[in-house]
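Protein chains: 2
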Amino acid sequence: MVGTINHIAIAVPCLRAASDEWRQKLDAEISAPQRLEEHGVTVVFIDTGNSKIELLEPIDDASPIAAFLAKNPQGGMHHICFDVDDIYASRDRLVAEGARILGSPEPKIGAHGKPVLFIHPKDITGTLIEIQQR
Amino acid sequence: MVGTINHIAIAVPCLRAASDEWRQKLDAEISAPQRLEEHGVTVVFIDTGNSKIELLEPIDDASPIAAFLAKNPQGGMHHICFDVDDIYASRDRLVAEGARILGSPEPKIGAHGKPVLFIHPKDITGTLIEIQQR
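Top line first, the protein sequences correspond to chains W and S. For what it's worth, this note's numbering labels the leading residue of the first sequence as 1, then goes sequentially. For what it's worth, this note's numbering labels the leading residue of the second sequence as 1001, then goes sequentially.
Structure representation (structure tokens):
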């Protein structure tokens, strides 16, 4: 069911400083920032050739990543997003196997304009997993 | 400098339970376990088509991931590994830009039989990054 890794997201307190770190130390090419009001974050992407790194900065204290950054003030790995062929079939299997969907079980539109869902990290090896319709 | 994502590693307290979770909930195919004495871990891989997920279980309390699991008892994302064309050139650039290499600056042989180095997470957005010679 899980397909290719669409992206790995890293929450950061400051997108400008984080972009500089990745650019200077790792010679990464950083996309233009994109503000996603509905998700409470501003993001940039780093294309790695086979997948993407997404750096996320909270828009404000109500952002879903604000609590994560309060615990991890320097930032850190936040979630992994997998492409799936059928997000409804994937959701139904997850729920049948006892995994909880975060928030509404109806997919939201994510950063790439496609339907996404998040799975409770306690239900899969302490890891926040996003699934995205291919 | 950073190339394709070679793998994303998730530390887990129990490889068998973690493998079951990924298999049942996410329909993942899990490789046979591989014990890496030198790294203090037993690993399995999940091939995602474009990259890999690596699940890591500590061999004992002296394992480098034991402290991480003490803080994150359910497990969690541990590091991201990038392929690089020239691990020595990458190391030298990182050090020149102020990033610290964990342990010896001489690459060790990693899970794939290739030279690897780890960068201090405080020096790159709170994220532990491994680089591996392509």
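Built from N, CA and C at the ideal position, the CB exists for glycine as well.
Beta carbon proximity, residue i to chain S, threshold 9 Å
| i | result |
| --- | --- |
| W/Ile87 | no |
| W/Leu55 | yes |
| W/Ile46 | yes |
| W/Ile59 | no |
Proximity test, residue i beta-carbon vs the ligand ATP heavy atom, cut-off 8 Å
| i | result |
| --- | --- |
| W/Lys71 | Ligands are entirely absent from the displayed structure, and the ligand ATP is therefore not among its contents. |
Three-state secondary structure assigned by DSSP to residue i
| i | result |
| --- | --- |
| W/Val43 | strand |
| W/Leu128 | coil |
| W/Asp83 | strand |
| W/Cys96 | At residue 96 of chain W the sequence reads Ala, which differs from the Cys that was named. Three-state result, W/Ala96: helix. |
| W/Ala11 | strand |
| S/Arg1134 | coil |
| S/Leu1117 | strand |
| W/Leu26 | helix |
Amino acids of chain S, ordered along the chain, whose beta-carbon sits closer than 8 Å to that of residue i
| i | result |
| --- | --- |
| W/Ala99 | Lys1025 |
| W/Arg31 | In the sequence on display, residue 31 of chain W carries Ser and not Arg. Here the premise fails: no neighbours, minimum Cβ distance about 15 Å. |
| W/Pro124 | It should be noted that the sequence gives Ile, not Pro, for residue 124 of chain W. Simply Glu1021, Trp1022, Lys1025 and Leu1026. |
Cβ of residue i within 9 Å of any chain W Cβ
| i | result |
| --- | --- |
| S/Val1043 | no |
| S/Ile1010 | yes |
| S/Gln1074 | yes |
| S/Pro1121 | yes |
| S/Phe1118 | no |
| S/Ala1018 | yes |
| S/Ile1129 | yes |
Residue i: contacting residues in chain S (beta-carbon distance under 7 Å)
| i | result |
| --- | --- |
| W/Ser51 | Ile1005, Asn1050 and Ser1051 |
| W/Leu94 | Lys1025 |
Proximal chain W residues relative to residue i, where beta-carbon distance stays under 8 Å
| i | result |
| --- | --- |
| S/Glu1106 | The contacting residues do not exist; S/Glu1106 stays about 20 Å from chain W at best. |
| S/Ile1065 | Under the 8 Å cutoff, chain W gives no residues; its nearest Cβ is about 12 Å from S/Ile1065. |
Amino acids of chain W, ordered along the chain, whose beta-carbon sits closer than 9 Å to that of residue i
| i | result |
| --- | --- |
| S/Ile1080 | Ile8, Ile10, Ile53 and Met77 |
| query | Mind pulling the alpha helix (DSSP H) runs of 4 or more residues that sit fully within the region 1045 to 1080 of chain S? | reply | Qualifying alpha helix (DSSP H) stretches, in chain order: 1066 to 1071.
| field | Inter-stretch contact (C-beta, 8 Å, three-pair minimum) for the region 42 to 62 of chain W and the region 1017 to 1024 of chain S | value | Contact between the region 42 to 62 of chain W and the region 1017 to 1024 of chain S is absent: fewer than 3 CB-CB pairs across the two stretches fall below 8 Å.
| query | So, do the region 1083 to 1098 of chain S and the region 1106 to 1118 of chain S have three or more beta carbon pairs nearer to each other than 8 Å? | reply | The region 1083 to 1098 of chain S is in contact with the region 1106 to 1118 of chain S.
| said: Does the region 66 to 81 of chain W come into contact with the region 20 to 34 of chain W, if we say contact requires no fewer than three beta-carbon pairs (one atom in each stretch) closer than 8 Å? | reply: Not touching, per the Cβ criterion.
| said: Assess contact between the region 1102 to 1111 of chain S and the region 55 to 64 of chain W, defined as three or more Cβ pairs (one per stretch) separated by less than 8 Å. Is contact present? | reply: Fewer than three beta-carbon pairs drawn from the region 1102 to 1111 of chain S and the region 55 to 64 of chain W are found closer than 8 Å, and the two stretches are therefore not classed as touching.
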